[in-house]
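**Student:** Structure in structure tokens, see below.
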């Protein structure tokens, strides 16, 4: 039985500014020059400290007692330093070092995940709600960026399928749509006049992909809680797809009937498709996908590695796509 | 302006233009070059070369705007230094980024437009670098001016290269493109007439 937080300090729903009003008021304040609005703007959400501090403690305890997943990749691990310093997270800026540099003040407190759509148990879940029933697993997955570089990362998380089952999706749920946080305070590149992508960042999966045993809801790396540049507090990890599918800093999960239009699809649909399965046989229009640079590399050795179909997870996922033409549905 | 001053200014310019190179060397030597060193180096040298090439294209318009010929004295150092950085850009692409892997190089060169456009832009600069001396200028006479107009074609190809290489951030390509168009417009007859200082 799912118990939602009954903390008396949590504001009643009528006390919470509807999200659209809240966001446009913040934008107005920004344009009027009131830059450090952050703390003041959050107080109307009430004192969430108690609930969210519980989550931090819970996360640490679960991380300490995580299980080793038996099917972890055998490739050499990418060092932690590289994983936390070389990131694509445009909300922080488009440079590879922007996310680590610009996320020093990123707060995960308070955080809510909205569950909506074709489910029997929608609602606004706290991180504690989300994490509570799930033991964590250490899974080493290969991570392949569409830019043709890759890493091998020891993620810590739990199966997305186990989370989804708790919401009890109905038969109308054909796709799962995810959204990332929008907050100019915490994401410098979302401030007025600075954006590159359309916000919020949106990603989607078919129900079959979302329920697949490999789809992971991630809360940590190398046994440590996720850092902001890696998508704190919650992110997906879909090892057989290009990295941009593994959406970070999730605030909304919707169960929908229509295939969602994802952010990169909207920006350049001829280059980035809905499935974005790793496939050396389907090149990006502007560069090859036949090989990748395994990072970290060195000056005299770029460490080119042959890209494998489905990033080496063909045995586990090929059946999802047996009736699909992968060159057209990329 | 005294010849002495011009010489001093040119030396100062040389020192300034050498700094980006030593910056990259410092990054490599100090280990601060990041997770993918080749990617960073290729990108840095490309950016340095493009900026300096753009500076060289700004010299003629600046002369027209200020009426001072000193800018032309800077044009050759700027051109040669940009060729230096763009050659490093190409070399580090071949040696560090591709790892001198023949298969990688031929595939990238043939199948990726932004790569062979970039190589073409660099190739056009080679005869310019070779004929940059005073002796060449004297020997070629009028043809020297015609030959060196190739820099405009090189710049246009460079803009295409910069646009195609970026995944999404269009700010830099837009700035380079806009400046290029501005520098070209400032050279056209109509604009020349507007800018020419009033004759007595």
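Chains as they are written, first to last, in my numbering: chain W, 6 to 335; chain U, 999 to 1198. Using N, Cα and C, we set each Cβ at its ideal position, and we do this for glycine too. Model, not experiment: these values are computed from the prediction.
1) Which residues in chain U have a C-beta closer than 8 Å to the C-beta of residue 90(W)? List them in chain order.
2) Consult DSSP for residue 1111(U) and reduce its assignment to one of helix, strand or coil.
3) Taking the alpha helix (DSSP H) that residue 1182(U) falls in, what are its first and last residues?
4) State whether the region 125 to 144 of chain W contacts the region 71 to 78 of chain W, with contact taken as three or more CB pairs (one from each stretch) at a distance under 8 Å.
5) At a CB-CB cut-off below 7 Å, which residues of chain C make contact with residue 303(W)?
6) For the region 229 to 277 of chain W, list the beta strand (DSSP E) runs that are entirely contained and at least 3 residues long, ordered along the chain.
7) State the CB to CB distance for the pair residue 325(W) and residue 217(W), rounded to an integer number of angstroms; the pair is presumed to be in contact (CB under 8 Å).
8) Suppose the cutoff is 8 Å on Cβ atoms and the five residues either side in sequence are ignored; what does the same chain contact list for residue 65(W) look like?
9) Should residue 305(W) go down as buried or exposed, given a rule of 16 or more other Cβ atoms within 10 Å for buried?
10) Can you tell me whether DSSP reads residue 1013(U) as helix, strand or coil?
11) Rounded to whole angstroms, what is the Cα-Cα separation between residue 92(W) and residue 1178(U)?
12) Throw me the rounded Cβ distance for the residue 161(W) and residue 225(W) pair, which I believe falls under 8 Å.
13) Is the separation between the beta-carbon of residue 185(W) and that of residue 255(W) shorter than 8 Å?
14) Taking 8 Å as the CB-CB cut-off, is residue 333(W) touching chain U?
15) Using the beta-carbon count (16 or more within 10 Å), is residue 223(W) buried or exposed?
16) Please name the residue, chosen from 176(W), 301(W), 114(W) and 310(W), that lies closest to residue 82(W) on a Cα-to-Cα basis.
17) Run through DSSP, which three-state label would residue 146(W) get?
18) Count Cβ pairs between the region 1010 to 1024 of chain U and the region 1039 to 1046 of chain U that sit closer than 8 Å; are there 3 or more?
19) Indicate whether at least one CB of chain U lies closer than 8 Å to the CB of residue 298(W).
20) Figure out for me which residue from 178(W), 136(W), 76(W) and 193(W) has the closest Cα to the Cα of residue 163(W).
21) Between which two residues does the beta strand (DSSP E) holding residue 1064(U) run?
22) What three-state label does DSSP hand residue 121(W) in the structure shown?
23) At 4 residues or longer, what runs of the alpha helix (DSSP H) sit wholly inside the region 160 to 235 of chain W?
24) Taking only the alpha-carbon atoms, compute the straight-line gap between residue 1181(U) and residue 1100(U) and give it to the nearest angstrom.
25) How would you list, in chain order, the residues of chain W whose beta-carbon sits under 7 Å from the beta-carbon of residue 1109(U)?
26) Output the boundary residues of the alpha helix (DSSP H) element that contains residue 90(W).
27) In chain W, which residues lie less than 7 Å from residue 1099(U) when you measure between Cβ atoms?
28) Find out if the Cβ-Cβ distance for the pair residue 268(W), residue 202(W) is shorter than 8 Å.
29) What residues in its chain sit with their C-beta under 6 Å from that of residue 1053(U), if we drop five residues either side in the sequence?
30) Please report the residue range of the alpha helix (DSSP H) in which residue 1142(U) lies.
31) Out of 1042(U), 1112(U) and 1061(U), which one is the CA nearest neighbour of residue 1163(U)?
32) I need the straight-line Cα distance from residue 123(W) to residue 177(W), nearest angstrom please.
33) Pairing CB atoms from the region 1071 to 1089 of chain U with CB atoms from the region 1111 to 1131 of chain U, are three or more of them under 8 Å?
34) Apart from the five residues just before and just after residue 296(W), which ones in its own chain have a Cβ nearer than 6 Å to its Cβ?
35) Mind listing the chain U neighbours of residue 87(W)? Cutoff is C-beta to C-beta under 7 Å, in chain order.
36) List, in chain order, every chain W residue whose beta-carbon is nearer than 7 Å to that of residue 1046(U).
**Tutor:** Straight from the coordinates:
1) As a working mapping, residue 90(W) is identified with position 85 in the first chain. The answer, in chain order, is 1032 and 1033.
2) Along the second chain, one-based indexing puts residue 1111(U) at 113. Three-state DSSP puts residue 1111(U) in a helix.
3) Mapped onto the second chain, residue 1182(U) falls at position 184. Counting along the chain, the alpha helix (DSSP H) containing residue 1182(U) begins and ends at 1169 to 1183.
4) yes
5) Among the chains of the structure shown, chain C does not appear; the protein chains present are W and U.
6) 240 to 242 and 255 to 261
7) The residue labelled residue 325(W) in the question sits at position 320 within the first chain. The residue labelled residue 217(W) in the question sits at position 212 within the first chain. The pair is a contact, with the Cβ atoms about 7 Å apart (cut-off 8 Å).
8) Translated into positions along the first chain, residue 65(W) becomes position 60. If we look at residue 65(W) and ignore the five residues flanking it on each side, its Cβ neighbours are 230.
9) Translated into the one-based positions of the first chain, residue 305(W) becomes position 300. Under this definition residue 305(W) is an exposed residue.
10) Residue numbering aside, residue 1013(U) sits at position 15 when the second chain is read from its first letter. Three-state result, residue 1013(U): helix.
11) One-based indexing of the first chain puts residue 92(W) at position 87. One-based indexing of the second chain puts residue 1178(U) at position 180. Roughly 32 Å separates the two Cα atoms.
12) Your numbering for residue 161(W) matches position 156 in the first chain. Your numbering for residue 225(W) matches position 220 in the first chain. The pair is a contact, with the Cβ atoms about 4 Å apart (cut-off 8 Å).
13) Against the first chain, residue 185(W) aligns to sequence position 180. Against the first chain, residue 255(W) aligns to sequence position 250. Against a cut-off of 8 Å, the Cβ pair of residue 255(W) and residue 185(W) comes out as a contact.
14) Working through the first chain from its first residue, we reach residue 333(W) at position 328. With 8 Å as the cut-off, residue 333(W) does not count as an interface residue toward chain U.
15) In the first chain, the residue the question calls residue 223(W) occupies position 218. By the 10 Å Cβ count, residue 223(W) comes out buried.
16) Here residue 82(W) corresponds to residue number 77 of the first chain, with the count starting at 1. Comparing Cα positions, the closest option is 301(W).
17) The sequence position of residue 146(W) within the first chain is 141, counting from 1. Correct three-state label for residue 146(W): strand.
18) yes
19) In the first chain, counting from the first residue as 1, residue 298(W) sits at position 293. At least one chain U Cβ lies under 8 Å of residue 298(W).
20) Sequence index remark: in the first chain, residue 163(W) carries index 158 (1-based). Residue 163(W) has its Cα closest to that of 136(W), out of 178(W), 136(W), 76(W) and 193(W).
21) By 1-based counting over the second chain, the position of residue 1064(U) is 66. From DSSP, residue 1064(U) is part of no beta strand (DSSP E) but of the alpha helix (DSSP H) over 1035 to 1064.
22) On the first chain, residue 121(W) is found 116 positions in, with the first residue counted as 1. Reduced to three states, the DSSP call for residue 121(W) is strand.
23) 165 to 172 and 212 to 215
24) Residue numbering aside, residue 1181(U) sits at position 183 when the second chain is read from its first letter. Residue numbering aside, residue 1100(U) sits at position 102 when the second chain is read from its first letter. Rounded to whole angstroms, residue 1181(U) to residue 1100(U) spans 38 Å at the Cα level.
25) The count along the second chain starts at 1 and reaches residue 1109(U) at position 111. Within 7 Å Cβ-Cβ: 293.
26) Locating residue 90(W) in the first chain gives position 85, counting from the first residue. Note, residue 90(W): alpha helix (DSSP H), 85 to 90.
27) Counted from its first residue, the second chain places residue 1099(U) at position 101. Ordered by position in chain W, the residues that pass the 7 Å Cβ test against residue 1099(U) are 309.
28) The count along the first chain starts at 1 and reaches residue 268(W) at position 263. The count along the first chain starts at 1 and reaches residue 202(W) at position 197. Cβ atoms of residue 268(W) and residue 202(W): closer than 8 Å.
29) Within the second chain, residue 1053(U) is the residue found at index 55, counting from 1. Around residue 1053(U): 1076.
30) Position 144 of the second chain, counting from 1, holds the residue named residue 1142(U). Residue 1142(U) -> alpha helix (DSSP H) spans 1140 to 1146.
31) Position 165 of the second chain, counting from 1, holds the residue named residue 1163(U). Taking only the C-alpha atoms, the option nearest residue 1163(U) is 1112(U).
32) Taking the first chain and counting its residues from 1, the one referred to as residue 123(W) is at position 118. Taking the first chain and counting its residues from 1, the one referred to as residue 177(W) is at position 172. When rounded, the distance between both Cα atoms is 6 Å.
33) yes
34) Locating residue 296(W) in the first chain gives position 291, where the first residue counts as 1. Once the five neighbours on either side are set aside, the close Cβ partners of residue 296(W) are 309, 311 and 312.
35) Looking up residue 87(W) in the first chain gives position 82. Going along chain U in sequence order, the residues near residue 87(W) (Cβ under 7 Å) are 1033.
36) By one-based count along the second chain, residue 1046(U) stands at place 48. The contacting residues do not exist; residue 1046(U) stays about 16 Å from chain W at best.
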